[in-house]
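First the structure, in the form of structure tokens, and then the observations on it.
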Amino acid sequence: METAMNRVEPNLSREERRKRQKEFWRARYEEDPAFFGERESDFAAWCAPLLRAERNIRDIVELGCGYARDARFLAAQGFRVSGVDLTGVRDPSSTTSGRAGPPCEFVEADALEFLQRSPPRSVDAVYSNMLFNMDYTEEEHRELFAAIHRVLRDRGLHLYSARSTSDPWYGRGAKVDADTFDPAPHGVTMHYFSAEYADRLAEGLFAPVQRVERSEGEGDFPIRLLYVVDRRA
Ligand SMILES: C[S@@+](CC[C@H](N)C(=O)[O-])C[C@H]1O[C@@H](n2cnc3c(N)ncnc32)[C@H](O)[C@@H]1O
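With the numbering used here applied, the sequence shown covers -2 to 230.
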């Protein structure tokens, strides 16, 4: 049976794990301010027509927005976007090639803390690309999903991508929990998603709209992502 006791570093508190995340990503973005490339993610491009088709979506919160490549892309599509990231976007104009674009609001914060202090039913869609793979336990995912449910208006959308259990990197590193591996020193703890896990997290909160698996990346970094769209029940 998988329990929190299986974690390689059982003594690290939630705060210490967040600090580790923050240091890891800050170092990545300092090395390369456009670490994932200049363009929007494939997932953001996939979501755009779906968001437009909803017709009543205006306010979007992006969790774990990094250097805001997707937040800017979604703002350019006409949505009002707030981006939240642990590392913060310190100089938004210097990212994504310094391209000017419609304004986004950026907040340096932990995603859960940001959601918990946001007004209830205040957002039309919550979006994230590859955030939920970060060092989150199932219990923490459940807290996040409950907080997302709270800020979404009725029938609002929750759209996210997560590295899937069929990702070629699945299983690399020390197993620390169910579908969770720590590849240190070559990365940070990763929690991989199956469609069943996405369904389980949505249970009682969201009605599943879509689950799609996609291969992305090239050369020596091919990855496989689960794209998930849920609707606030
Ligand atoms: C894999 S990167 C993806 C970045 C961005 N979504 C993109 O596609 O360019 C994960 C991001 O999540 C952020 N992150 C990790 N844990 C977080 C947390 N607890 N709250 C907010 N952001 C977090 C990291 O700082 C990092 O920017």
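Note that the Cβ used here is the ideal one computed from N, Cα and C, for glycine as well.
With a threshold of 7 Å (Cβ to nearest heavy atom), would residue i be considered close to ligand 1?
i      : result
Met187 : no
Trp166 : no
Gly214 : no
Ser119 : no
Phe76  : no
Leu60  : yes
Val81  : yes
Thr134 : no
Kindly list the residues whose CB is nearer than 8 Å to the CB of residue i, restricted to its own chain and excluding five residues on each side of it in sequence; keep chain order.
i      : result
Ser119 : Asp56, Val148, Arg150
Pro116 : Val148
Ser91  : Note that Ser91 scores 45 on pLDDT, short of 50, meaning its location in the model is unreliable and no value can be drawn from it.
Phe32  : Arg25, Tyr26, Gly63, Tyr64
Does the separation of the CB atoms of residue i and residue j fall below 8 Å?
i      : j      : result
Cys101 : Ala65  : yes
His155 : Asp67  : no
Pro165 : Pro219 : yes
Leu198 : Phe111 : no
Arg229 : Phe203 : yes
Gly153 : Asp121 : yes
Ser163 : Arg221 : yes
Tyr133 : His188 : yes
Can you give me the Cβ contacts of residue i inside the same chain, cut-off strictly under 6 Å, excluding the 5 residues immediately before and after it?
i      : result
Gln74  : Ala45
Glu105 : Gly85
Phe192 : The sequence as given places Ala at residue 192; Phe does not occur at that position. Within the same chain, Ala192 has close Cβ partners Arg208.
Leu60  : Val81, Ala108, Ser125, Leu128
Thr76  : The question names Thr, yet the displayed sequence has Phe at residue 76. Result list for Phe76: Ile57, in chain order.
Trp70  : Per the sequence presented here, residue 70 reads as Phe, with Trp not at that position. Cβ within range, chain order: Glu37, Ala41.
Gly214 : Ile220
For residue i, I'd like the list of residues in its chain whose CB is within less than 7 Å of its CB, leaving aside the five on either flank, ordered along the chain.
i      : result
Lys19  : Leu83, Thr84
Ala195 : Arg208, Leu223, Val225
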